[in-house]
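Here is the structure we will look at.
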Amino acid sequence: MDLIQQHTWGWFIAIYLYLGGLGGATLALGILGELRFNKSKWFGIGTSLLGLAILSFGLIWLVFDLLNPLRFLLSFWVKGIAHSWIARGMVIIMGAYIFGLLYAVAAFFKWTTFKKWIGYAAMFCGFGVTTYTGLLLNANVGIPFWHTPALPVLFTVSAFSTGCAIIMWTLAGKNDHDSEHLFHAVEGFDIFLISLELLILFAYFDFARLGNAAVMKSAHLLLNNPLFTIGFIILGLVTPLILEAYASVKENSKGMAAFASLLVLVGGFLLRYLIVWAGVFQYPHGLAG
Amino acid sequence: MARYGMVMNVKACLGCRACMAACSQWNQTPFWADEFEGKWRTRVTEVEDGKFPEVKRQFFPTICMQCVNPPCHSVCPTGATYINKDGIVLIDYDLCLGCGYCIEACPYDARYPYEREDLKKDAFYFGEDARHHQVHVDKCTFCVDRLEEGEEPSCVATCVGHARIFGDLDDPKSEAAQLVNSGQAKPLGEYMGAQPKVYYIK
Chain A
1 MDLIQQHTWG WFIAIYLYLG GLGGATLALG ILGELRFNKS KWFGIGTSLL
51 GLAILSFGLI WLVFDLLNPL RFLLSFWVKG IAHSWIARGM VIIMGAYIFG
101 LLYAVAAFFK WTTFKKWIGY AAMFCGFGVT TYTGLLLNAN VGIPFWHTPA
151 LPVLFTVSAF STGCAIIMWT LAGKNDHDSE HLFHAVEGFD IFLISLELLI
201 LFAYFDFARL GNAAVMKSAH LLLNNPLFTI GFIILGLVTP LILEAYASVK
251 ENSKGMAAFA SLLVLVGGFL LRYLIVWAGV FQYPHGLAG
Chain B
1001 MARYGMVMNV KACLGCRACM AACSQWNQTP FWADEFEGKW RTRVTEVEDG
1051 KFPEVKRQFF PTICMQCVNP PCHSVCPTGA TYINKDGIVL IDYDLCLGCG
1101 YCIEACPYDA RYPYEREDLK KDAFYFGEDA RHHQVHVDKC TFCVDRLEEG
1151 EEPSCVATCV GHARIFGDLD DPKSEAAQLV NSGQAKPLGE YMGAQPKVYY
1201 IK
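Heads up: the sequence lines are chains A and B, in that order. The numbers in this note's numbering rise by one with no breaks, and the one at position 121 of the first sequence is 121. Basically this note's numbering = 1-based index in the second sequence + 1000.
What follows is the structure, given as structure tokens:
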């Protein structure tokens, strides 16, 4: 057998990819919500710090996946920045921390103009973190299921969908007009994102259907795994899409939307875990044809 | 400055695996690990070729392909993976973060982790001569230390069937360059764009 599932990266990396995307999206969406919807300063401070806390928790898993976790300090030596997505990611993450914390300080002291510009920089870095998690896997040329431009797009859309879920949870208990308005705006955005995610998945598997043997094997593994078909697609995408679409046209339905968000969060993790799990490569003797 | 490469003549490989033994002794690679983990700098895999009744058994030697455009080098965040003046892809163990990104990125499955348990075993088997003192990702170096002494890589020196032909691909007189230039020897997985410098005659 010359096709084999990769066994270097496992669920530690999957957790990191998930929390990295979730943290980055929470940071970006929280700041966007505060700047665009004029929410209270505590909303901006809370969501930006929450995003950074989620990102930090994710980084712990990444560090523990190293051969020697104490060597994580070497990751600041980003000599490979011209071509490595881990080095680039480190810079983007550092940017998210610096601009995210400065944004929280600016929001606290109400430095309006400074807050706005720093907020844009933090949003850019948050967006960058969500995208880089996909680009990280995408750079592996030997695993053709990962080495497709669709993967960073899928991870970015999924990360923003999970970010929406977190923002909806932070707003679910508030009944003031601004919070209700933002909640429903985020809910609508999430419906769009989940629909887009389904479309990307369709394109992804259609590509796999016509792909090489390793791509087909990856797709086959996923489509025959109930965690993917039932766990992710049915419970993590289709069900929350229906629930959120129903909640968006019904009064007093925040509970339903919040439950749908929970499913989105679980689905987001399953997607990362299963994509990492289904990375299939070909042994060199198989390449000889 | 040379451009070292290797030609693997699959037809000439006996499957004795003396190359694996020689490499693991010279480079102290984890021969003690389970076979599944595949912690070898060079491997000889037994493969079936053809369909019944025209089936033959072949031994397929693999090694780091010492690519011109190595994906492992491309993804390395700290610059631990570098290419020396002779085009050999090497690892600076002091800079290796141990993230495993290069293991994933290598399309030829040529890298593996040298873990803490391996360091202990290395010290146990080789004592004061142990060459690995920190965890790192490991791979074939074309025995760069032997090349500096004017010797061939250990796998080539030990090959009984002349299945491994090593040489400077820029030297038209070398057997390896002649096999490559004649078109007899071809690289694996060219479509991936890594431009390997290990060629195969099947």
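A virtual CB, placed ideally from N, CA and C, is assigned to each residue, including glycine.
Query                                                                                                                                                                                          : Result
Hey, is C217 (chain A)'s beta-carbon within less than 9 Å of any beta-carbon in chain B?                                                                                                       : Per the sequence shown, the amino acid found at residue 217 (chain A) is Lys instead of Cys. It does not: the Cβ of K217 (chain A) has no partner Cβ on chain B nearer than 9 Å.
Flag V1075 (chain B) as yes if its beta-carbon sits less than 9 Å from any beta-carbon of chain A, otherwise no.                                                                               : yes
Check each residue of the segment 1170 to 1199 of chain B: if its Cβ is closer than 8 Å to any Cβ of chain A, include it; give the result in chain order.                                      : L1188, G1189, M1192, G1193, A1194
E1115 (chain B) CB to nearest chain A CB: under 9 Å?                                                                                                                                           : yes
Let me check understanding here. Comparing Cα to Cα, which of B:W1026, B:A1012, B:G1079 lies closest to Y1125 (chain B)?                                                                       : B:W1026
By Cβ distance, which residues of its chain are closer than 8 Å to Y1004 (chain B), with the 5 residues on each side in sequence left out?                                                     : Q1066, D1086, G1087, I1088, F1142, L1147, F1166, G1167, D1168, L1169, K1197
Buried or exposed: which applies to W277 (chain A), given that a residue is buried once 16 or more other Cβ atoms fall within 10 Å of its Cβ?                                                  : buried
Please work out which residues of its chain come closer than 7 Å, Cβ to Cβ, to I81 (chain A), disregarding the five sequence neighbours upstream and downstream, and give them in chain order. : A87, R88, V91
Return the chain-ordered list of same chain residues with a C-beta closer than 7 Å to the C-beta of T1029 (chain B), the five sequence neighbours on each side being excluded.                 : C1023, K1039, W1040, R1041, D1138
Would you report the Cα separation of A1176 (chain B) and M1008 (chain B), rounded to the nearest angstrom?                                                                                    : 9 Å
Kindly list the residues whose CB is nearer than 8 Å to the CB of T1078 (chain B), restricted to its own chain and excluding five residues on each side of it in sequence; keep chain order.   : L1095, C1096, L1097
In terms of alpha-carbon separation, which member of A:G128, A:S253, A:L222, A:G231 lies closest to H184 (chain A)?                                                                            : A:S253
Under 8 Å, CB to CB, which of the residues in the segment 188 to 210 of chain A have a partner in chain B?                                                                                     : none
Would you give the residue range spanned by the alpha helix (DSSP H) that T1045 (chain B) belongs to?                                                                                          : Premise fails: T1045 (chain B) lies in the beta strand (DSSP E), 1042 to 1049, not in any alpha helix (DSSP H).
Applying a beta-carbon distance threshold of less than 7 Å, which residues of chain A neighbour F1166 (chain B)?                                                                               : Within 7 Å Cβ-Cβ: nothing; F1166 (chain B) doesn't reach chain A, min ~18 Å.
Quick check: the Cα distance between V157 (chain A) and F114 (chain A), rounded to an integer number of angstroms?                                                                             : 29 Å
Does DSSP classify K1186 (chain B) as helix, strand or coil?                                                                                                                                   : strand
Quick one: complete beta strand (DSSP E) runs, 3+ long, within the segment 1078 to 1158 of chain B?                                                                                            : 1081 to 1083, 1089 to 1091, 1112 to 1114, 1136 to 1138
Could one say the Cβ of S75 (chain A) lies closer than 9 Å to chain B's Cβ atoms, at least one of them?                                                                                        : yes
Name, in chain order, the residues that DSSP records as bridge partners for D65 (chain A).                                                                                                     : Beta-bridge pairing links D65 (chain A) to no other residue.
Short of 7 Å in beta carbon distance, which residues of its chain neighbour E1115 (chain B), apart from the five on each side in sequence? Order them along the chain.                         : V1135
May I have the straight-line CA-CA distance separating M216 (chain A) from G1193 (chain B), to the nearest angstrom?                                                                           : 21 Å
Using a Cβ cut-off of 9 Å, pull out every chain A residue sitting near L1095 (chain B), in sequence order please.                                                                              : L74, W77, K79
Which residues, in order along the segment 145 to 171 of chain A, keep a beta-carbon less than 7 Å from a beta-carbon of chain B?                                                              : none
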